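**Q** Residue numbering for the sequence shown is 2 to 90, as defined by my numbering.
Cβ atoms here follow ideal geometry from the backbone N, Cα and C, with glycine treated the same way.
Keep in mind the model is a prediction, meaning the values are calculated, not measured.
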Amino acid sequence: WEGAAVVVPLGMYVLANAHKDKVKVTFFHGAKLPDPKGLFNAGLGGNKWRAIDLREGDRLDAAAFKELLRAAIAYNETHAVPKSRGAKA
2 WEGAAVVVPL GMYVLANAHK DKVKVTFFHG AKLPDPKGLF NAGLGGNKWR AIDLREGDRL
62 DAAAFKELLR AAIAYNETHA VPKSRGAKA
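1. Rounded to whole angstroms, what is the Cα-Cα separation between T79 and G12?
2. Might you give, ordered along the chain, the residues of its own chain that have their beta carbon closer than 6 Å to the beta carbon of K49, omitting 5 neighbours on each side?
3. What is the rounded straight-line gap between the Cα of A20 and the Cα of L61?
4. Is it the case that the Cβ atoms of Y14 and I53 are separated by a distance below 8 Å?
5. If you run the structure through DSSP and keep just helix, strand and coil, what is W2?
6. Terminal residues of the continuous beta strand (DSSP E) containing K25?
7. For L55, tell me which candidate among A72, R71, F66 has the shortest Cα-Cα distance.
8. Out of L16, L40, D22, L34, which has the shortest C-alpha to C-alpha gap to A63?
9. Between which two residues does the alpha helix (DSSP H) holding A65 run?
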């Protein structure tokens, strides 16, 4: 995940990557999250990850995005995988 912004309180739940033509925001357990506003527009065929591809000029529903972030954190809080003994804090 070199060069990517990764948030890891109880395991990775989201990462954002800047690409030439877009910013991709990937939710690791996105398939398990509610998305009533339909923000996910990439990775829809998988059984785990979901992503939001944002291109220049796109508008993002900030409230819906915050709800996705909250849902991702809540999912990790209830499905966290314990760290291995060798894991660094």
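**A** Looking at the coordinates:
1. Spanning the two alpha carbons is a distance of roughly 11 Å.
2. Excluding its 5 nearest sequence neighbours in each direction, K49 has C-beta neighbours in its own chain below 6 Å: A32, listed in chain order.
3. In the sequence as presented, Ala is not what sits at residue 20; that position holds His. Those two C-alpha atoms are separated by around 17 Å.
4. Taking 8 Å as the Cβ cut-off, Y14 and I53 do not qualify as a contacting pair.
5. Here the model assigns W2 a pLDDT of 49, short of 50, so the residue's position is not dependable and the matter cannot be decided.
6. Per DSSP, K25 is one residue of the beta strand (DSSP E) stretching across 24-28.
7. The shortest C-alpha separation from L55 is found at F66.
8. Nearest option by C-alpha distance: L40.
9. If you look at A65, you'll find it in the alpha helix (DSSP H) that goes 63-80.
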